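If you use the UniProt record's numbering, the sequence shown closes out at 120, no skipped numbers anywhere. Beta carbons are placed, not taken as given, at the ideal position from N, Cα and C, and that holds for glycine. What you are looking at is a predicted structure, and each value in this text was computed from that prediction instead of being measured.
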Amino acid sequence: MPYTATASVAYPKDFMEKVEKAKSIKGCKVIHVMTPCPTGWGYDPALTVKMAKLAVECGLWYLAEYENNEFKFNFVPKAFKPVDDYMKAQRRFRHLGESDYREIEANRDTEWNRMRKRFA
């Protein structure tokens, strides 16, 4: 596949740049977009952009591109926000506790470390 990317509604400039790039490339292209769902996730619809931004800031979603057999991050937070900030704001996660949040953060850190080593 000549071009794949991840994007988020919280970063519209990044998203639109990826759409424009995809349009200019011949062949199949995919952009996987983080778009929160207020109804399914259980939060105030006015917080949709904030929720999408928190997903990226917490490291649970990343902005990246894969083109010409090369992967690159488009944005990497200097320090991840706690996943609690993102998850406690959603009713769908109300059954989770502190130990669950710490486990999710540990898994996030493992995945980011793996990607950094692989794509450095």
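Each residue's CA atom was taken as its position, placing Asn69 and Val19 some 19 Å apart. Secondary structure at Met34: strand, using DSSP grouped into helix, strand and coil.
In chain order, Tyr11, Asp14, Val56, Tyr62, Leu63 place their CB closer than 8 Å to the CB of Phe75, counting only its own chain and leaving out the 5 sequence neighbours on each side. In terms of CA proximity to Arg102, Cys58 leads the group Lys53, Ser8, Cys58. When the Cα atoms are used, Arg114 and Lys53 turn out to be separated by approximately 23 Å.
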